[in-house]
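S.K.: Structure incoming, see below.
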Amino acid sequence: MPRTSSDGVIDLALPHSGKWTEGMKPEDKEIYMRVYRWRLDWEKQEALNIQDYIEDQARD
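So for the sequence shown, the numbering used here puts the first residue at 72; every next one is plus one.
Right, dumping it as structure tokens:
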């Protein structure tokens, strides 16, 4: 690939098939899944906080 073409390519390290955990060592997968579950829990809490904020603003 010419240099001018490769300057516009960005590798986002996203899997184009399979799963994120495919090829991970078991201990790495365990850490990844723990962080992933934490992130999902955080997103749920954040959504609740936003909803509470909206409701509080509507009452004022």
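Glycine included, each C-beta is placed from N, C-alpha and C at the ideal position. Values in this document were obtained by computation on a predicted structure and should not be read as measured data.
Quick check on Trp91: does DSSP put it in helix, strand or coil?
M.R.: Trp91 falls in the coil class under three-state DSSP.
S.K.: Leaving aside the five residues before and after Lys90 along the sequence, list all residues of the same chain whose C-beta is less than 6 Å from its C-beta, in chain order.
M.R.: Contacts found: none.
S.K.: According to the Cβ coordinates, are Tyr107 and Met95 closer than 8 Å?
M.R.: Not a contact, by the Cβ cut-off of 8 Å.
S.K.: Check Ile121 in the structure and name its three-state DSSP category.
M.R.: Here Ile121 sits in helix by DSSP.
S.K.: By the three-class DSSP mapping on this structure, what secondary structure does Asp99 have?
M.R.: Helix.
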